[in-house]
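Numbering (my numbering), first residue to last: 30 to 279.
By construction, the Cβ of each residue, glycine as well, lies at the ideal position given by its N, Cα and C atoms.
Given the structure is predicted, the values throughout are model-derived calculations rather than measurements.
Worksheet for the structure shown next.
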Amino acid sequence: MSILVVGNWKMAPEKSIEVQKIAKTANTLARTHKKNVTIVICPPFPFLSLASKQLTIAKIGAQSVSQYTDIEHTGLVSAAMLKQIGATHVIIGHSEARAVGTTNEAVHEQLLCLLEKNITPILCVGEDMRDSQGWYLGSVKEQLETALAGVVKSALKKIVIAYEPVWSIGNDAQREASAEECAEMVLYLRKILRDRYDEKTSRLPKIIYGGSVNEKNAKSFISDGKADGLLIGRASLDSKRFTKLVRSIA
Ligand code: PGA
């Protein structure tokens, strides 16, 4: 099975020249490792078209999508538009979007809009903090179950679930997650899917890991963490680090 590597550029870079440079690196990596790695790059909206010109082998994704389909939504971007520019994947429910108001219900609506257009949702779930009693599992379960409300079995193969513990994301991360913590959550997410659907269906979605993934720890999340891929923020914006990282898992 191909390992899925998603580069989430967040609100960077600022210049077109940098977009071209890192997109070119990503495309070269995608070509070199196409047998066992699938690379998806998610630039900010204004750079989607520019990046998509470079990304002939790597795929293009977006960082969000509107939950609506009618036009009265100033500032939002629809799934239909993303389909037009060739986006194959879209990140939804990222903790940075949840932090500014995206609710579980909105994430569910976004997921439906994407499935309707045959675009793969990368559904992010993850707890803000951990506690010794395991209460954090409940919030992750609620995020997953609300997003998947009413979603039929056959759609599960088109969905990617990204486990992203909020405490391990970005420059404010408290610490890196361990491969064991990742593996436990992957099993737990599959169990939720099994209880909701069945054993076979629970194995359909890829479950990837994100949060402070770098060139040193990437491999452990795949080999010991049971992740089918990685969602990478900062390290995907640095060509050298991204190259080392992809090589380490390929
Ligand atoms: P990070 O971000 O790799 O910079 O921690 C990951 C993410 O937010 O998707």
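Nearest-angstrom Cα separation, counted from residue j out to residue i
i: Thr175; j: Val169; result: 10 angstroms
i: Ala247; j: Val66; result: 13 angstroms
i: His118; j: Asp160; result: 33 angstroms
i: Pro72; j: Arg223; result: 34 angstroms
i: Ala126; j: Glu213; result: 25 angstroms
i: Gln36; j: Ile114; result: The displayed chain sequence assigns Gly, not Gln, to residue 36. C-alpha separation (whole angstroms): 18 angstroms.
i: Leu185; j: Pro234; result: 6 angstroms
i: Ala191; j: Trp164; result: 20 angstroms
i: Pro108; j: Phe74; result: Sequence inspection shows Ala at residue 108; the Pro mentioned does not correspond to that position. The alpha-carbon atoms of Ala108 and Phe74 are separated by roughly 12 angstroms.
i: Glu43; j: Asp227; result: 45 angstroms
i: Ser197; j: Ser124; result: 11 angstroms
i: Ser277; j: Glu244; result: 7 angstroms
i: Thr61; j: Lys273; result: 13 angstroms
i: Ser207; j: Gly258; result: 15 angstroms
i: Lys64; j: Ile120; result: 24 angstroms
i: Glu145; j: Ser241; result: 32 angstroms
i: Ile236; j: Val94; result: 21 angstroms
i: Ala279; j: Met110; result: 33 angstroms
i: Leu260; j: Thr98; result: 27 angstroms
Neighbour-count burial assignment, residue i, 16 or more Cβ in a 10 Å radius
i: Thr281; result: It is not possible to answer for residue 281, since the shown part of the chain is limited to 30 through 279.
i: Asn200; result: exposed
i: Phe250; result: buried
i: Gln172; result: buried
i: Trp38; result: buried
i: Gly167; result: exposed
i: Ala128; result: exposed
i: Glu193; result: buried
i: Ser45; result: exposed
i: Val181; result: exposed
i: Gly183; result: Residue identity differs from the one stated: residue 183 is Ser in this sequence, not Gly. Counting Cβ neighbours within 10 Å, Ser183 comes out exposed, since fewer than 16 surround it.
Bridge-paired residues (DSSP) for residue i
i: Tyr238; result: Tyr192, Leu259
i: Thr149; result: His118
i: Leu185; result: BP columns for Leu185 are empty, so no partner.
i: Thr67; result: Leu33
i: Gly90; result: His118
i: Val154; result: Tyr192
CB-CB length for residue i against residue j, believed under 8 angstroms
i: Ala116; j: Ile151; result: Ala116 to Ile151, Cβ: 11 angstroms. No contact.
i: Leu77; j: Ala91; result: 6 angstroms
i: Val195; j: Asp157; result: 5 angstroms
i: Cys211; j: Ala256; result: 6 angstroms
i: Val69; j: Val275; result: Incorrect: roughly 12 angstroms between the Cβ atoms, too far for contact.
i: Gln96; j: Gln139; result: 5 angstroms
Closer than 8 angstroms to chain B by CB, residue i
i: Ile51; result: Looking at the structure shown, chain B is missing, and only one protein chain is on hand.
Open item on the list: Under 8 angstroms, with one C-beta from each stretch per pair, do the stretch 73–86 and the stretch 36–56 reach the 3-pair mark?
Closed with: yes
- [ ] Flag this pair as touching only if the stretch 99–114 and the stretch 131–138 have three or more C-beta atom pairs under 8 angstroms; answer yes or no.
- [x] no
TODO: Evaluate contact between the stretch 259–275 and the stretch 202–220, counting only Cβ atoms and requiring at least three cross-stretch pairs below 8 angstroms.
DONE: no
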